[in-house]
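Note that UniProt numbering has the sequence shown beginning at 1, numbered continuously upward.
Report on the following structure.
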Amino acid sequence: MKADLIVIALGGNMILQRGQKGTFEEQMENTQKASVVIADLVEQGYKLVLTSGNGPQVGNILAQQNYEDAPSMPLYVCGAMSQGQIGYMISMTLQNEFKKRNKEVDVITLSTRVIVDKNDPGFSNPTKPIGRFYTKDQADKFNEEGKGPYMDDAGRGYRLFVASPQPLEIVEKKAIQTLADSGMLVYCVGGGGIPVVKNDDGTLEGAMAVIDKDRASAVLAEQIDAGILMILTDVPHACLNYKKEDEKPLGEISLALAMQYYDEGHFIKGSMGPKIEAAIRFVKKTQGKAIITNPENAIKAIKGEAGTIVVP
Ligand code: ADP
Ligand code: MG
């Protein structure tokens, strides 16, 4: 294990905040703020590999697809486009931040594929609605064209439903490891990675799915031998009894305790749940440590003075 190698998963709101429209300027401004924190961590002497969510970005790219004369790209290619977009924003803001600090660091964006099991139960029952809403007529048309399944989302309109299978393997892991070892800062596994399945003859094929970015980041950290998985989000800690009167922020906790609290249902499924799941998986497999906190507390958390830290 490489104690000085950290995989940092950036939360969606570090690139686009809730309630913002999603203009390029807004996204660059947020990414600029994230870059300051990332540069601070590099100055502490750590080697970093960055990942991020891509929900709003891929949703918008998907919505931009349905124009008659310009052939639509499949969801997984939209995912690849979003990786390029976010990677561009991170490279620009981060490299400029380093320039201000008179530091030379190469920032590399890597389009990344992640292998999932073609028999993952999610594929026969897609449950994750993504992108924008359409009318029933539009949905029927997309379904006829084989672009679906577009289905009713809780009476709010029709959306594309996709599977969210478990990530198994990062295809580009050797390249990521080599780049990180040589001191370059890599942005990869954007949006949980581009989901691909392995055919019987060993070839790969894009899959209609969205992989959870926290889970994929845990697999990445494990497969490149990182010592720390750090998940940056918009809360300083994971809490017990979240939003209740007896809410209790968690500091350093053992793997066993994290598993117990997870089983007791303290962490909401679509948000904190996958982060604790990722932390548990990483610590269990590697004996490294996993940190969940917000950008403001990132440096302190590395020193063990803030955030929720899961240790073996
Ligand atoms: P990200 O974009 O970083 O993945 P999410 O919204 O998916 O952000 O997850 C972070 C959110 O998890 C917090 O804003 C908080 O509302 C929610 N959350 C759910 N359960 C908990 C908990 N037990 N402790 C702290 N936050 C929680
Ligand atoms: Mg999330």
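Here a beta-carbon is modelled for each residue, glycine too, at the ideal position from N, C-alpha and C.
query: S271 CB to nearest heavy atom of the ligand MG below 7 Å; result: yes
query: CB-CB length for A258 against A278, believed under 8 Å; result: Not a contact, Cβ separation roughly 11 Å.
query: Proximity test, Cβ basis, 8 Å: E104 and chain D; result: Judged by its chain identifiers, the structure shown contains no chain D, having just a single protein chain.
query: Three-state secondary structure (DSSP) of residue 359; result: What the structure shows of the chain is the stretch from 1 to 312, and residue 359 is not part of that stretch, so it cannot be assessed.
query: Those runs of the beta strand (DSSP E) which lie wholly inside the stretch 113-145 and span at least 3 residues; result: 113-116 and 128-134
query: The beta strand (DSSP E) enclosing I211, as first and last residue numbers; result: No beta strand (DSSP E) holds I211; DSSP gives it neither H nor E.
query: Contact test: G79 Cβ vs the ligand MG heavy atom, cutoff 7 Å; result: no
query: Own chain partners of S111 with C-beta closer than 6 Å, once the 5 adjacent residues on each side are dropped; result: A80 and Q83
query: Cutoff 6 Å; reference Q32; Cβ partners in own chain excluding five residues on either side; result: T93
query: Per-residue DSSP class, three states only, for P105; result: Strictly speaking, residue 105 in this sequence is Val, with Pro absent from that position. Coil at V105, not helix or strand.
query: Neighbourhood of D152 by C-beta, 7 Å cutoff - its chain only, sequence neighbours within 5 removed; result: Y158
query: Y262 versus A238, E305 and D246, residue with shortest Cα-Cα distance; result: A238
query: Close-in-space but distant-in-sequence residues of the same chain around D120 (CB under 7 Å, 5 per side omitted); result: A163, P165 and Q166
query: N143 versus N125 - alpha carbon distance; result: 16 Å
query: Simplified DSSP assignment, three categories, for I268; result: coil
query: Proximity below 8 Å, CB of S52 to CB of I108; result: no
query: Which listed residue (Y67, K141, G131 and D225) has its alpha carbon closest to that of V210; result: G131
query: Segment limits, alpha helix (DSSP H) that includes I15; result: Note, I15: premise wrong, no alpha helix (DSSP H); not H, not E.
query: Alpha-carbon spacing of V116 relative to A175, whole angstroms; result: 19 Å
query: CB of V114 within 8 Å of CB of I8, strictly; result: no
query: Presumed contact (8 Å Cβ cut-off) between P56 and G87, rounded CB distance; result: About 16 Å separates the two Cβ atoms, so there is no contact after all.
query: Sub-8 Å separation of A226 and G288 beta-carbons; result: yes
query: Check: G53 C-beta below 7 Å from any heavy atom of the ligand MG; result: yes
query: Residue range of the unbroken alpha helix (DSSP H) whose run includes A39; result: F24 to E43
query: Endpoints, beta strand (DSSP E) assigned at A226; result: A226 to L232
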